[in-house]
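Going by this note's numbering, the first residue of the sequence shown is number 1190, and it counts up by one from there. This report refers to the structure that appears directly beneath it.
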Amino acid sequence: MRKIVLTTLTTLMLVSMATVAFAADGGVAGSFGLAAAGIALGIGLAATGGACGQGAAIKAACEGIARNPDASGKISQSLILGLAFIESLVIYALLVALILLFVKM
């Protein structure tokens, strides 16, 4: 139940940030500031989510290695692969934010 509520709230937050990001009008500087604020909030949320995911992954890996030191090689490999996937999602969010920022200029 908690995952469903968290997913719903995250989706609503992302949808609300997208409307703010696309609110910029071509020649109006005030609405560009609003779009820049939306873009900044969007990348901030993406970075926060990525950092929380990486922290949880590292915590679980440390607990796994502490319980079974013989499996540390496999755990480390899986950890590095998972961290790379998490970081790639944050980089994609950064790219989308930069594209939105420069398209609005």
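Ideal Cβ placement from N, Cα and C applies to all residues, glycine included. Note that the structure is a prediction, hence the values are computed from the model and not measured.
The Cβ neighbour count for Ile1280, taken over all protein chains shown within 10 Å, is under 16; the residue is labelled exposed.
In the three-state DSSP reduction, Met1202 falls in the helix class (H, G or I). Comparing C-alpha distances from Ala1235 to each of Pro1258, Gln1266, Gly1271 and Thr1200 shows the shortest one belongs to Thr1200. Cβ-Cβ separation between Leu1272 and Ala1246: approximately 6 Å, consistent with a contact (criterion under 8 Å).
A straight-line Cα-Cα distance of about 18 Å links Leu1223 and Leu1283. Judged by their CB atoms, Ala1286 and Ser1267 are not nearer to each other than the 9 Å cut-off.
Nearest to Leu1290 by C-alpha distance, out of Gly1231, Ile1275 and Met1202, is Gly1231. Cβ neighbours of Gly1253 within its own chain (closer than 6 Å, five residues either side excluded): Ile1264. Closest option to Leu1195, judged by alpha-carbon separation, among Gly1238, Ala1226 and Ala1225: Gly1238.
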